[in-house]
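Student:
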Amino acid sequence: MEQSKPRGGPKTPRRRRVADRLELQEQVTELAAQQAAVSEVLRSIANSPHELEPIFDTITANATRLCRAEVGALILFEEHGYRIVARTGVADTYYVKGHLYPVSEGAPSARMVKTRSPVHIADLTADQAYLQRVPGLVALVEQIGVRSYLLVPMLKDDELVGGITIVRAHVQPFTDKQIELVTAFAAQATIALEITRRERQLRQAQTELAHATRVVAMGHLTSSLAHELKQPLCAVAANAAASSRWLTREPAQIENAKRSIECIIKDVERANSVIDRVHSLVKKAAPRKDTININDAILEVMTVVRGEVVKNRIRVQTQLSDSLPHVRGDLVQLQQVMLNLIINAIQAMSGPADSPRELRISTESTKEEVRVAVRDTGPGLSADNLQLPFEPFYTTKPSGMGMGLSICRVIVEEHGGRLWASENEPRGALFQFTLPPTDGADRDQIDASLDASRY
Ligand SMILES: Nc1ncnc2c1ncn2[C@@H]1O[C@H](COP(=O)(O)OP(=O)(O)O)[C@@H](O)[C@H]1O
Ligand SMILES: [Mg+2]
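Using the UniProt record's numbering, you'd call the opening residue of the sequence shown number 1 and step up by one each time.
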């Protein structure tokens, strides 16, 4: 901060008061600017916790502006040097973003690596390294026109992870206060880096977990799936034998043979679609943004659970709205939600009770939302704690994982919707979820949330 001293003559008390007030005023203004900058950084962290670039841009711009410097950059260290990840006030050709720079002997970066403290050079042209023509420094002075230079380390525990550099085109040393300020910004950048790294690790772990629960869910279906595949295969064998018989007749019964072959094709398609579904639910894939017809997605899931439904003698009723708008999201993730709700419903009705077993799946829509409801006539949920089933690891099943519903809730919420449970009338459980229709949805927001998607 530059001090404004009244010039000329000895200070009278009145003059001093004015000077003090001016100084105070300046301090307050500066403090307010710093506070605004800090909240701007916090806002950018909150707005894009998964993306570091805008955060680093904001930090670099604020540090440069508040220190009244012309050029600023944020660097991150790697094994073989450092990369510039944000910069402000300098043309593309210098401080090239993304370029890996070596830490050359004698350069300020090398000094910071050694001391782990700020490197402040009041006038680069008087610096030893410049006089010894260290290339990095020569470029700074002669190409960018830098005179006063500051590089502040970003330290995580004791590890040097990066730094913020700000420079001036004229000789004007940075004040202690300014160095302090840049140090505070460097700490913020380190925190943002750490938050993002942990977020990434968490997401990775959760992706694995979601995949594992999908595989487990499919595991529950193995025997009924085998049964489900056996049926079309038996039909294929029978129709193949029949068409062979039609063709060996004298004269060959071409029309009948053709009909048998058409049946074969249909059955093969049916078996194939089951296999495809199983495959897409079991395989690991990056989240996608599809335009989805929820009704079709439900019908596909039904092909996978049909065997289980038959085995448990459950009556299925589907009431799918024929004017359902599309939704936007990842098909496999949304099918995982439906699969889990349906398997839970089937499992709830697989006990010894002999009352009618009914699974009802319905869809409907309003202007704001597409709603899917899965009802069963099992024992239902305890009315006073409808949140409990969504708790991670809550399960009442001997071989349950208790992760299904908590993962479903995250998936639905990442798609901009809600998932909740209630009691079904007259008995059983009712699980419902909503999703925003593609037209009404804030597409960018959903896309952003899917980009950051955990599953
Ligand atoms: N349709 C339902 N009827 C009754 N209870 C249910 C139903 N769906 C879920 N629950 C309860 O919620 C618990 C958690 O379900 P979930 O998260 O899918 O894990 P899991 O199926 O592995 O137990 C279940 O163990 C069960 O107690
Ligand atoms: Mg479950």
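Where a beta carbon is used, it is the ideal one built from N, C-alpha and C, also for glycine.
This structure is a prediction, so every number in the text was calculated from the model and none was measured.
Is Ser406 helix, strand or coil when you go by DSSP?
Tutor: Reduced to three states, the DSSP call for Ser406 is helix.
Student: Take the Cβ of Ile275 as the centre, count every other Cβ of all protein chains shown within 10 Å, and call the residue buried at 16 or more, exposed below.
Tutor: Exposed, by the Cβ-count rule.
Student: Could you please give the first and the last residue of the uninterrupted alpha helix (DSSP H) stretch that includes Leu229?
Tutor: Element bounds for Leu229: Thr222 to Thr248.
Student: Strictly by DSSP, which residues pair up with Ile164?
Tutor: Paired residue(s): Leu74 and Val152.
Student: Could you give the residue range of the alpha helix (DSSP H) that holds Tyr394?
Tutor: No alpha helix (DSSP H) holds Tyr394; DSSP gives it neither H nor E.
Student: How far does the alpha helix (DSSP H) with His120 in it extend, from its first residue to its last?
Tutor: First-last for His120: Val119 to Ile121, but that is the beta strand (DSSP E), not the alpha helix (DSSP H).
Student: Applying the criterion that 16 or more other CB atoms from any shown protein chain within 10 Å of the CB defines a buried residue, is Cys234 buried or exposed?
Tutor: Cys234 is exposed by the Cβ-count criterion.
Student: Within 10 angstroms of the Cβ of Leu435, are there 16 or more other Cβ atoms? Answer buried if so, exposed if not.
Tutor: Buried, by the Cβ-count rule.
Student: Could I get the ranges of all uninterrupted alpha helix (DSSP H) runs contained in the region 280-339, with 4 residues as the minimum, in chain order?
Tutor: As far as the region 280-339 is concerned, its whole alpha helix (DSSP H) runs of at least 4 residues are 294-311.
Student: Would you mind reading off the limits of the beta strand (DSSP E) that contains Leu430?
Tutor: Note, Leu430: beta strand (DSSP E), Ala429 to Leu435.
Student: Can you name, in chain order, every residue of its own chain whose Cβ lies under 8 Å from the Cβ of Val301, other than the five neighbours on each side?
Tutor: Cβ neighbours of Val301 beyond the five flanking positions: Arg277, Gln335, Met338, Leu339 and Ile342.
Student: Per DSSP, which residues does Ser422 bridge with? Please list them.
Tutor: Paired residue(s): Leu430.
Student: Taking 7 Å as the cut-off, is the beta-carbon of Ile342 closer than that to any non-hydrogen atom of ligand 2?
Tutor: Result no, Cβ not under 7 Å from ligand 2.
Student: Going by the beta-carbon positions, is the gap between Gly380 and Asn344 smaller than 8 Å?
Tutor: No.
Student: So Arg83 is in the beta strand (DSSP E); what residue range does that whole segment cover?
Tutor: That run of the beta strand (DSSP E) goes Gly81 to Thr88.
Student: Between the C-alpha atoms of Ile59 and Gly351, what's the straight-line distance to the nearest angstrom?
Tutor: Cα to Cα, the separation comes out at about 60 Å.
Student: In three-state terms, what does DSSP make of Tyr101?
Tutor: Tyr101: strand per DSSP, three-state reduction.
Student: How far does the beta strand (DSSP E) with Ser365 in it reach, from first residue to last?
Tutor: Its beta strand (DSSP E) spans residues Glu358 to Ser365.
Student: Can you list, in chain order, the residues of its chain with a C-beta nearer than 6 Å to that of Gln319? Leave out the 5 residues immediately preceding and following it.
Tutor: So the qualifying residues of the chain are Ser362.
Student: Closer than 7 Å to a non-hydrogen atom of ligand 1 - does that hold for the CB of Pro436?
Tutor: No, the beta carbon of Pro436 sits no closer than 7 Å to any heavy atom of ligand 1.
Student: Below 8 Å between beta carbons: does that hold for Ile166 and Ala107?
Tutor: Cβ atoms of Ile166 and Ala107: not closer than 8 Å.
Student: Let's test the definition: count the other Cβ atoms within 10 Å of the Cβ of Gln3 and tell me whether it reaches 16, buried, or not, exposed.
Tutor: With a pLDDT of only 48 at Gln3, under 50, the local geometry of the prediction cannot be trusted, and no value is derived from it.
Student: Quick one: is the Cβ of Met403 within less than 7 Å of any heavy atom of ligand 1?
Tutor: Yes, the Cβ of Met403 comes within 7 Å of a heavy atom of ligand 1.
Student: Any idea which residues DSSP pairs Ala61 with across the strands?
Tutor: According to DSSP, Ala61 bridges with nothing at all.
Student: Less than 8 Å between C-beta atoms, sequence neighbours within five positions excluded: which residues of the same chain meet that for Asn293?
Tutor: Answer for Asn293: Leu324 and His326, listed in chain order.
Student: Would a C-beta distance cut-off of 8 Å place Arg83 and Gly72 closer than the cut-off?
Tutor: No, they are not a contact pair.
Student: If you run the structure through DSSP and keep just helix, strand and coil, what is Glu414?
Tutor: The answer is helix: DSSP assigns Glu414 an H, G or I state.
Student: With which residues is Ala373 paired in a DSSP beta bridge?
Tutor: Ser362 and Gln432, per the DSSP bridge assignment.
Student: Sort Phe431, Ala122, Ala187 and Trp420 by Cα distance to Ile346 and report the nearest one.
Tutor: Considering only alpha carbons, the answer is Phe431.
Student: Please go through the same chain and pick out, in chain order, the residues whose beta-carbon is closer than 6 Å to the beta-carbon of Arg315, but skip the five residues on each side of it.
Tutor: Only Glu358 meet the Cβ criterion.
Student: Could you tell me the distance, in whole angstroms, from the CA atom of Val305 to the CA atom of Gln204?
Tutor: Going by the C-alpha atoms only, they are around 29 Å apart.
Student: Please state the DSSP three-state secondary structure of Glu269.
Tutor: Three-state result, Glu269: helix.
Student: Please say whether Val146 and Ala122 have beta carbons closer to each other than 8 Å?
Tutor: No; because the gap between Cβ atoms is not below 8 Å, this pair is not in contact.
Student: How many Å lie between Pro251 and Arg245 at the Cα?
Tutor: Computed Cα separation, rounded: 11 Å.
Student: Nearest to Asp376 by alpha carbon, out of Ala429, Val412, Cys408 and Gln387?
Tutor: Per the Cα distances, Ala429.
Student: Can you have a look at Leu388 and say buried or exposed, based on whether 16 or more other CB atoms are within 10 angstroms of its CB?
Tutor: Label assigned to Leu388: exposed.
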